[in-house]
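So the sequences go chain by chain: A and B.
In this text, residue positions in the first sequence follow the numbering used here: the first is 34, and each later residue adds one.
In this text, residue positions in the second sequence follow the numbering used here: the first is 9, and each later residue adds one.
To keep things clear, I will list the structure first and then write my remarks on it.
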Amino acid sequence: MTESRVQGVHSVVVGVIEMLNRSGQVTQREPWNGSMLRVGRAYDNDIIINDPYVCPHHLELLTESGCMLVRDLGSVNGTYAGKKRKPVATMALQDGTMIQVGHSQLRFHLASGEVAATWKDTTRQGLLSWLGKPWILLLASLVALVALAADAALDNPEQLQLLTMSSDMLYPLIAVLIWAGFWALLNRVLTHQANFPVHLAIACLGVGVLFFVAQLVSMVIFALGLDDWLPWLRLFGRVAILTVVIYAHLRYATVVSMSHQFVIAALAAVVMFGTPEIGSVIERNEFSSLPYLEPLLRPPGYRLARGETVDDFFEQAQLLREKADRDVRP
Amino acid sequence: MMRFPPLMLFFLCPCLQAQTEGVDTPEVYDHWRNRVVQIQVIDQQAQTKAATGSGFFVGKPGWVLTNYHVIAGLANQPGQYRARYLSDNGQSGSLELLSVDAVHDLAVLRAENLAPSPLYLAAQAPPRGSRLYSMGYPYDIGLSIVEGTYNGMLEKSLYEKLHFTGSINPGMSGGPTLDHSGEVVGVNVSTAGNQVSFLVPAQFAAALINSTRDQPVGEGELNRSVTAQLLQNQEEISSRLLSVDIPTTQLNGYRVPAALAPYISCWGDSEEDQPNELARVYYDCQTQDDIFLADTLYTGVIRYQHDLLSTDQLHPLRFYRQLEEQSSYPQLHLEGEEKTVTNYRCHSDFVDHSEVTYKVSFCIRRYREFAGLYDSYLTLTSLVRNDEALQSTLVLGGFSWVNIKKLSARFIEAMSWSDPGS
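In structure tokens:
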């Protein structure tokens, strides 16, 4: 049992009454020393609840024969307890007992009750803590700029000019800033810290990784002649990278468990990248009078796989004919 | 550089009659006008015409010859359409489909309650320069006669056609073109504009008339008949192409297929644009003709092109990104609708031939109503040099799988490369 001073009296705390909001978060904790404690809307209660569905004197907590109890004081809307929300007149309290009064919830915890393990703050130690270092932001920005410049250069067949490339890179850069700003705002709302440099570093690294990994994967696919795998590899690759990026943002911006952060990140990545990619895969199966072609082409020196003979190539293409024949069947 | 577009052929419907010295056009018109009718394809729900063309009486009593493309709606969707004739003097009645020759764009119908004396088909083509008369119902505005000149057989046509210098207009398709004696020299079929018009030779009309039975053709029988005609036609084209060595032409270090046959026309040009750092040499070839099956289904075509691209400025990665971008957008394509063809199925891989590696993409789709016929799309990029690459595309429309394989393989095998610097 824990000792505490309540209203100037040195007493022993036997439990804690938690008041919860609608999303289940604790808004207030009141230590309880086991003596009678009254709960209601009136100002003379030990715990005052601002809920019009709660009576002025709604319930009381007390100890009888060494047993901690909750007792309804004949309230208009009743007192309910446990997961099944059974109406109670008098009920024994256990560690974690939920009590519903009006539209409000209380939870009882024994002072000796177990608390969850302490979360390790990986934003301050370990790999993620590096994101807070200034030189990482510098490096990440450089990576993103190089990636965007390389992408602009690859897409443009004309002679490279600083002005043209800058205009090509402008919109992606603005998008990166907006993205980082969004996460900083969320971070600020949820934890009272913006961490904008950290979110900017994560966004820049994400852009860089997306570009360079995409290039690397494309080169491997080309080298090995695995073009038929391209749509699915691209889908999973993008979703995986975006999951990691969003997870890193969430580690800073939210105070929920790592597993929840990962699930949220994966879902968000699927919605943001996966849905359009799945849509484009589906679109490829919708009718078009044009063939859907996506041949990967890289300079000859990047090729590793041996080429088929002409005859072997068309023998393999026999599968296409079988698929086309199947397409005719209703 | 500007690429040369394919020769655009517009189907029409004429009617005509002939005269020579001592016979003037009014006489021709008056004498043969009752042998030429307008053909209307009526939508059963709208109860009005969805398409019109022309036709003329030939062969057995009541038989009317026209173009297949005029009555294609009736042939493809007999539940939705019916056909009727409308004569110059206002008589009308229903038409029944007896037979078709889809390859030569001809159809024979039987008219209800109308059987004027038939026109006769000329046994041989007239001398070049002869005066001819085309008759038909242009633009649904009534019977017209057009005077023109016979200019011989088209030399660069996959499907034999006569060249008629005269203004055949839309709606005249299926009408007759007559010589001075009133014999049908050809059936109006298409135009390239500016008085350049085309006729189906009378010999094909005669062959169809001779093979036609005097009873309506059923839907299944019609489909089997058209499928057999298309299969036989592509077989003949393929056999001719595969029986000879493929002629080639030189594009810098590459030898590539040139005009495979006289009926394939090739055009070429080159460009060196600034500030675009790519230089191009084009070589485009295609058949000038096709077979009409439906509004968005033209078959029996061969098209191919070679683009030689080079750069002396771009990094190899940037150069090949441009090639990748270009090959993602089909340069040649065939029309099609979901109800007529399946989606393309594609496969890509490296192919080695004559010490050259190509990145090859190959796609095919099947015709839904004509079993055994496919369209194919073959595109390849040579992987030889960092600063130069050949991109070639071959499109085959309406061929059997076996012939697509053989023709596509021959196309690749005809290519070779030698270092121009060595």
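Virtual Cβ for every residue (Gly too), placed ideally from N, Cα, C.
As the structure is a computational prediction, the values presented were derived from the model and not from experiment.
When we look at the beta-carbon of residue i and count the other beta-carbons within 10 Å, is it buried (16 or more) or exposed?
i, result
"A/Gly48", "buried"
"B/Gln330", "buried"
"B/Phe206", "buried"
"B/Ala417", "buried"
"B/Tyr337", "exposed"
"B/Ser400", "buried"
"B/Pro428", "exposed"
"A/Leu94", "buried"
"A/Ala269", "The residue you asked about is not Ala; residue 269 of chain A is Phe in the sequence shown. Counting Cβ neighbours within 10 Å, A/Phe269 comes out exposed, since fewer than 16 surround it."
"A/Pro332", "buried"
"B/Leu170", "buried"
"B/Gln294", "buried"
"B/Asn241", "buried"
"A/Thr35", "Low per-residue confidence applies at A/Thr35: pLDDT is 44, beneath 50, and the placement is therefore not dependable, though the value from the model is reported in the following sentence. Label assigned to A/Thr35: exposed."
"B/Gly67", "buried"
"A/Asp184", "buried"
"A/Leu175", "exposed"
"B/Thr74", "buried"
"A/Lys166", "exposed"
"B/Ser121", "Reading the sequence as shown, one finds Asn at residue 121 of chain B and not Ser. Answer is exposed; the Cβ neighbour count stays below 16."
"B/Gly63", "buried"
"B/Asn202", "exposed"
"B/Pro209", "buried"
Could you give the first and the last residue of the continuous beta strand (DSSP E) run that contains residue i?
i, result
"B/Asp315", "309-318"
"B/Arg90", "89-95"
"B/Tyr382", "382-390"
"A/Met131", "131-134"
"B/Gln46", "44-51"
"A/Asp52", "The identity of residue 52 of chain A in the sequence shown is Met, whereas the question assumes Asp. Looking at the DSSP string, the run of the beta strand (DSSP E) that includes A/Met52 is 48-53."
With DSSP as the reference, label residue i as helix, strand or coil.
i, result
"B/Asn196", "strand"
"B/Asp38", "helix"
"B/Asp360", "strand"
"A/Gln349", "helix"
"A/Trp216", "helix"
"A/Pro333", "helix"
"B/Phe378", "coil"
"B/Ala80", "helix"
"B/Gln211", "helix"
"B/Leu127", "strand"
"B/His171", "strand"
"B/Pro184", "strand"
"B/Tyr352", "coil"
"A/Met291", "helix"
"A/Arg74", "coil"
"A/Met69", "coil"
Taking residue i as the query, report the chain A residues whose CB atoms sit under 8 Å from its CB, ordered along the chain.
i, result
"B/Ser335", "Leu326, Pro328, Leu330"
"B/Asp7", "Because chain B spans 9 through 430 in this model, residue 7 of chain B falls outside it and cannot be assessed."
"B/Asn202", "Within 8 Å Cβ-Cβ: nothing; B/Asn202 doesn't reach chain A, min ~30 Å."
Note the first and the last residue of the continuous alpha helix (DSSP H) segment covering residue i.
i, result
"A/Pro167", "167-188"
"A/Phe320", "Segment: none, A/Phe320 is in no alpha helix (DSSP H) and carries neither H nor E."
"B/Asn202", "It is not in any alpha helix (DSSP H) - B/Asn202 carries neither H nor E in the DSSP assignment."
"A/Thr276", "263-286"
"B/Ile245", "227-250"
"A/Leu257", "229-257"
"B/Trp409", "409-421"
"B/Pro324", "324-336"
"A/Val304", "Neither: A/Val304 is in no alpha helix (DSSP H) and is coded neither H nor E."
For residue i, which residues in chain A fall below 9 Å Cβ to Cβ?
i, result
"B/Asp360", "Arg339, Gly340, Glu341, Thr342, Val343"
"B/Gln85", "Under the 9 Å cutoff, chain A gives no residues; its nearest Cβ is about 17 Å from B/Gln85."
Under 7 Å between beta-carbons, which chain B residues line up against residue i? List them in chain order, please.
i, result
"A/Ala150", "Within chain B, no residue comes near A/Ala150; the closest Cβ sits about 51 Å away, beyond 7 Å."
"A/Glu316", "Neighbours of A/Glu316 on chain B: none; closest Cβ ~11 Å, over 7 Å."
Hey, residue i and residue j are a contact pair by Cβ (cut 8 Å); roughly how many whole angstroms apart?
i, j, result
"B/Leu249", "B/Ala267", "With a Cβ gap of about 11 Å, B/Leu249 and B/Ala267 do not count as contacting."
"B/Leu106", "B/Val192", "Not quite, the Cβ-Cβ distance comes to about 18 Å (not below 8 Å), so this is no contact."
"B/Tyr141", "B/Thr256", "The pair is not a contact, with the Cβ atoms about 45 Å apart (cut-off 8 Å)."
"A/His142", "A/Asp84", "No, A/His142 and A/Asp84 are not in contact; Cβ-Cβ is about 21 Å, not under 8 Å."
"B/Gln313", "B/Gln339", "6 Å"
"B/Ala119", "B/Gly70", "5 Å"
In chain B, which residues lie with their C-beta within 9 Å of the C-beta of residue i?
i, result
"A/Phe320", "Gly344, Glu345, Glu346, Val349, Thr350, Asn351"
"A/Pro264", "Here the premise fails: no neighbours, minimum Cβ distance about 12 Å."
Mind pulling the chain A residues with CB within less than 7 Å of residue i?
i, result
"B/Trp409", "Arg354"
Give the interface partners of residue i over in chain B, defined as CB-CB distance under 8 Å, in chain order.
i, result
"A/Arg336", "Phe358, Thr365, Leu391"
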